[in-house]
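Written below as structure tokens is the structure these notes are about.
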Amino acid sequence: MNWKHAILRERINGAMHVLVIEVVLHLPWSTSLKDKRKVRYGLIDRLTRRHRISVKEVDCQGAQQTLCLGIAGVVLTEAGAHELEQSILKTIEENCDGEIREWNVEIV
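The number in the working numbering is simply the position in the sequence shown, starting from 1, with 455 added.
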């Protein structure tokens with residue numbers, strides 16, 4: 456192992472948290488997968504640009520009124536994870552006409 460990697464690993468050890476969110480959105484006005492796709496692309500783009508996180512549709516691909524997203528972000532502190540969670544929630548509420556049906560959070 457390179458000495459630089461050893462120093463970096465020592466700094467990171469215990470000082471990194473991963474925020475994982477699974478959110479299920481209900482889109483009652485969506486009448487087709489095309490409607491859902493517009494919402495999905497816009498929301499994923501907005502979340503990734505604003506928060507620098509990873510976002511992927513993880514389930515319900517065939518359901519035209521349900522959007523299931525998996526979200527992951529790396530933060531340095533647990534408090535930072537809670538702040539990021541609230542910021543992501545606010546972004547979703549402001550930029551999506553659907554309602555949040557499920558919101559599952561895990562901080563690793």
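Ideal Cβ positions, reconstructed from N, Cα and C, are used throughout, including at glycine.
Since the model is a prediction, treat every value here as computed from it, not as a measurement.
Go ahead and label residue i buried or exposed: buried means 16 or more other beta carbons lie within 10 angstroms of its beta carbon, across all protein chains shown.
i           : result
leucine 498 : buried
leucine 502 : buried
valine 473  : exposed
Could you pull the DSSP bridge partners for residue i from this structure?
i           : result
leucine 480 : Leu522, Ile555
lysine 511  : Gly525
leucine 584 : Past the boundaries of the shown model lies residue 584; the chain is included only from 456 to 563, so the question cannot be answered.
Roughly how far, in whole angstroms, is the beta-carbon of residue i from the beta-carbon of residue j, given that I think they are within contact range, below 8 Å?
i              : j              : result
methionine 471 : valine 560     : Not confirmed; about 17 Å, so no contact.
valine 475     : alanine 527    : 5 Å
valine 478     : isoleucine 562 : With 8 Å as the limit, valine 478 and isoleucine 562 do not qualify as a contact, their Cβ atoms being about 15 Å apart.
* Would you check if there are 3 or more beta carbon pairs closer than 8 Å linking the region 541-549 to the region 485-493? => no
* Say whether the region 527-546 touches the region 502-510, bearing in mind that this needs 3 or more beta-carbon pairs closer than 8 Å, one atom from each stretch. => yes
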